[in-house]
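Residue numbering for the sequence shown follows this note's numbering, beginning at 1 and increasing consecutively. Backbone N, C-alpha and C define an ideal beta-carbon position, used for all residues, glycine too. These numbers come from a predicted model, not from an experiment. First comes the structure, then the notes that go with it.
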Amino acid sequence: MAEQLDPTEALSRILIEHGPLHEDDIARRLRDMGVAKPDDVLPQLLNEIDCPAVPLIDESWMWLPALLAGRIFTHRVDAEELAHDVLLVTPDLDAITHLCEFEPYARLADGSPVGVALPAFDEDVLDERGVPPEMVDDGGALMLPPGTLRGLGVVDGDLVGLRLTPDGITLAQVTADPSPAVGAALVATLNPDEPASFDSAVWTACAADPALFTEPTPPLSEIADDHGLEVRGDLLAPEGFDFDRWRFELDCELLKRRYELDEDQALAVRTLKSIYEQMAKLITTPPADEDFADDAAEDAAAEDAPAPPLDGYQELVAEMGAELADPRLAEVLVAETLGRNPDGAAALGLFAETLESQVPRRARVAFRWLRAVALERMGDIEAAERELLAAESMDTDWPLPLYDLARIASDRGDVERGLALLRRAGADPDDPLLAMLSSFRAEARSDLGRNEPCWCGSGRKYKKCHLGKEQPSLPERVGWLYAKAAQHALMGGWRDLIVELDYERSQYHDAPDETADPLLIDAALFEGGAFEDFLAVRGPLLPEDERSLAEQWLLVDRSLFEVEQVRPGHGVRVRDVRTGDIHEVQERTASRQLTAGQLICTRVLPAGDDTAQFFGGLEPVALHQRDALIALLDEGPDPVDLVAFLSLRFAPPTLTNTEGDPLIICEATVRVSDPAAMESALDHTFDRVEDAEPPQWFEHVTTHGMERIRATVVLDGETLRVETNSEERMDRVLAAVLRLDPAMQVLEDTRERVDDPRAMAARMPVTAEGAIEPDDPEVAALLDAMILDYEAKWLDEPIPALDGDTPRQAADDPTRRPDLIRLLDSFPADAGRHGMSVDRLRAALGLP
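This is the structure in structure tokens:
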């Protein structure tokens with residue numbers, strides 16, 4: 001029988017025996033080895049985090065453990081590394097420490113675990129070791145067992161060598177002679193037009209010369225210096241290569257693709273962004289003898305910071321700055337500056353102020369608008385408004401200041417001015433701000449004529465006084481107030497948090513793109529702090545009654561509520577489960593969806609005139625989640641943790657077998673060394689199925705008073721097939737087979753989680769006992785008897801949703817009886833012919 005290999009093992013054999021190979025050659029060889037659909041499988045393999053295949057510079061692939069076996073790479077240790085038992089990996093050790101990403105190789109030869117800690121992901125690991133943040137660059141540090149370097153007798157300036165052996169990575173103090181062959185080999189790998197990944201260059205050199213790095217050499221960084229090679233982080237390039245120009249040109253190409261710009265537009269944005277970056281460095285780099293203790297000190301320094309010298313660059317600035325007369329490019333520049341550096345508002349303000357006088361008159365409106373954007377991000381909305389008005393006076397048709405002034409008019413409650421500004425700005429009919437303002441536009445009073453005296457008693461005609469200026473009541477404006485805050489969150493530097501929340505929400509739930517999830521915005525506003533920021537920045541613009549209401553909202557926490565009464569189309573009465581407070585909520589839509597006894601997580605906010613409304617969505621909460629959610633809310637949750645918890649309701653059900661193991665379809669194929677001896681041994685280990693051909697055995701287990709099949713084992717010649725419905729069961733059977741035949745070889749072992757009960761039933765293996773036909777009268781009677789027996793036992797089993805009480809105990813406890821009723825209400829009303837009967841359970845418990 002042909003040996004069956006899993007795709008990863010097949011890939012390793014191919015690359016070890018024939019590498020380096022390009023993808024089309026690998027796919028052909030996988031096909032020859034019997035791997036199905038290799039063209040589909042290969043991209044997954046090469047991107048798999050557990051597969052140590054690496055690309056060379058020519059885009060061929062090698063199996064890294066085989067490529068580096070026996071090779072040694074060195075690094076010169078400094079005092080800080082000695083003090084903390086870490087080794088900086090870039091660029092000296094990247095080529096070998098890449099193996100530490102894969103579990104079998106993340107260890108020293110003595111079995112001690114090692115790994116690379118990255119500042120962006122492993123801050124806690126570095127903190128625990130006391131490693132200063134500024135010590136480790138983006139490439140990370142290899143974390144050695146404490147005392148390792150001192151144990152080697154290494155001192156500051158010594159070389160240590162890391163070598164890959166069959167037992168793991170060895171670490172030793174070494175000496176090295178100059179190695180011109182290594183430098184020449186690296187030079188031979190490089191392209192004069194673009195840099196290469198340093199580790200890919202090393203791997204490529206190793207693939208070309210099996211003798212390379214078999215003896216200690218100087219560190220790669222020193223070899224690169226000796227041969228005049230250019231190094232930038234983890235990149236390597238030939239002598240004289242201009243990294244800055246290459247990066248600039250690459251950024252221009254990315255801008256073209258990201259925003260669909262032409263070459264001149266991309267060049268202008270990237271040039272202006274470079275000037276901004278220089279100003280940002282000027283502001284954020286403190287003098288050597290000073291320490292800026294807080295942001296306020298930095299802001300003060302930014303205001304007094306001298307403008308960077310532009311001598312000799314005026315023509316370039318004028319040419320590139322002129323492109324910002326196109327409002328789309330001005331928006332792109334903001335996205336590429338503040339969008340990627342939310343703390344860079346001061347630098348953007350300095351940039352705009354310095355360059356405004358250097359650009360043609362038609363583009364100066366853009367730089368005045370940029371100053372306004374910077375001022376708003378710095379929290380000075382009134383100064384920002386002055387700059388916007390100045391920009392409007394420069395060019396009455398340039399749209400960006402008009403749109404921002406329309407937002408300010410909206411915040412102030414001036415619908416008509418906001419709409420007029422949006423019309424001048426050319427807002428699309430479906431623009432969100434236009435739609436919002438239109439929805440709050442005042443309608444003319446039907447009891448007054450246009451030329452009659454105004455109702456307010458001013459003595460002026462209605463058309464000259466209040467026509468079109470009617471102010472909705474505060475309860476009618478609460479939705480508008482909330483929308484203003486939401487718009488601030490979306491446009492004021494909180495988008496990254498909202499994206500993170502959306503990621504958590506979509507773990508199990510993909511909402512249509514056009515559906516706005518109210519929980520995400522609300523969590524960013526309140527748990528995330530965006531609403532407090534909104535009130536601090538734009539609060540001065542709000543009408544007095546709205547600002548007062550908004551300040552009250554800051555004092556209201558999200559909570560868990562039980563619906564006590566529903567008046568469809570009018571409102572609901574809810575009880576705060578955490579505090580016992582009762583709230584009457586006017587809610588037309590929700591009152592048609594909620595039912596009495598339901599648990600919901602939401603925010604009940606005052607809406608003026610002693611009314612209240614729901615905000616932040618209505619998240620249904622299962623009874624068994626109640627106590628955990630209360631504990632989370634009591635501790636003041638992080639917005640990401642909150643959204644993650646409330647999104648668990650979308651997660652597929654966790655199916656378990658009768659032993660409580662997660663249901664996973666497991667199938668293994670094993671080659672045995674002696675089929676006859678194995679057959680005899682299986683007869684003494686498992687229960688043989690009579691007259692089954694080929695021979696078949698079951699492993700049984702008794703749960704809930706019933707004997708059940710735990711595993712199925714079939715011996716066909718020298719091949720043993722094992723089928724179970726959990727990993728725990730599969731591991732037990734394979735361990736038993738190994739004891740029976742130490743020479744056995746696992747050829748294939750697949751484990752697939754199936755979350756759909758129907759799919760699980762369809763995937764379950766058919767045993768020698770045959771399929772069960774539920775409509776058979778004898779089978780149906782047996783199933784009915786089993787259900788009745790299970791119902792009787794369920795009444796006296798501890799239930800997690802009842803805090804460990806049994807249903808009988810909860811029925812007898814007035815404080816627990818409502819929970820029991822809610823639990824029974826959550827059961828399907830029609831469980832099918834052979835399902836648990838809620839009516840029977842209620843009757844047994846004495847419940848209506």
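Under 7 Å between C-beta atoms of residue i and residue j
i: M744; j: V643; result: no
i: L541; j: D414; result: no
i: L535; j: L520; result: no
i: A27; j: P20; result: no
i: R140; j: A172; result: Note that residue 140 corresponds to Gly in the displayed sequence, not to Arg. No, they are not a contact pair.
i: P472; j: L400; result: no
i: C206; j: L99; result: no
i: H700; j: D687; result: yes
i: A176; j: P216; result: yes
Distance between beta carbons of residue j and residue i, contact taken as under 8 Å
i: L11; j: A69; result: 17 Å between Cβ atoms; not a contact.
i: L405; j: A374; result: Not really, about 16 Å apart at Cβ, beyond 8 Å.
i: H18; j: R31; result: H18 to R31, Cβ: 14 Å. No contact.
i: E723; j: I664; result: That belief does not hold up - the Cβ atoms of E723 and I664 are roughly 12 Å apart, past 8 Å.
i: A95; j: W203; result: 6 Å
i: P219; j: H75; result: 5 Å
Contact set for residue i: own chain, Cβ-Cβ below 8 Å, skip 5 residues either direction
i: E239; result: H227, G228, L229, E230
i: P133; result: P119, E123, L126
i: L594; result: V563, V566, V572, I600, L618
i: R850; result: What is shown of the chain runs 1 to 848, which leaves residue 850 out entirely.
i: D825; result: G597
Residue i to residue j span [Cα, whole Å]
i: Q565; j: R817; result: 18 Å
i: G130; j: D641; result: 28 Å
i: S197; j: A489; result: 39 Å
i: R386; j: A352; result: 15 Å
i: F531; j: A550; result: 9 Å
i: V155; j: I275; result: 44 Å
i: V689; j: E797; result: 35 Å
i: D193; j: L236; result: 12 Å
i: K464; j: S393; result: 27 Å
i: L388; j: E331; result: 15 Å
i: S438; j: L419; result: 8 Å
i: T170; j: E222; result: 22 Å
i: I381; j: R538; result: 6 Å
i: A483; j: T396; result: 27 Å
i: L316; j: T271; result: 9 Å
i: L738; j: N47; result: 32 Å
Proximal residues to residue i (C-beta, below 6 Å), its chain only, five neighbours per side dropped
i: G321; result: L355, V359, A363
i: D138; result: none
Helix, strand or coil at residue i [DSSP, three-state]
i: P166; result: coil
i: G418; result: helix
i: G70; result: coil
i: D494; result: A quick correction: the sequence has Trp, not Asp, at residue 494. Three-state DSSP puts W494 in coil, outside helix and strand.
i: K871; result: Any question about residue 871 goes unanswered here, given that the chain covers just 1 to 848.
i: P133; result: helix
i: A196; result: strand
i: I582; result: strand
i: R76; result: strand
i: F686; result: coil
i: C601; result: strand
i: P238; result: coil
i: P540; result: helix
i: A644; result: helix
i: W246; result: helix
i: A425; result: helix
i: G608; result: coil
i: V838; result: helix
i: E752; result: strand
Distance cut-off 6 Å: residue i Cβ against heavy atoms of the ligand NAD
i: V415; result: In the structure shown, the ligand NAD is absent, as is every other ligand, since no ligand is present at all.
Residues near residue i in its chain [Cβ-Cβ closer than 7 Å; skip 5 each side]
i: T611; result: P475, Q586
i: G846; result: A811
i: L849; result: Residue coverage of the chain in this structure runs from 1 to 848, which leaves residue 849 outside it and unanswerable.
i: M279; result: P308, A347, L350, F351
Short CB-CB distance (under 7 Å) between residue i and chain D
i: R721; result: Absence of chain D from the displayed structure is noted, only one protein chain being present.
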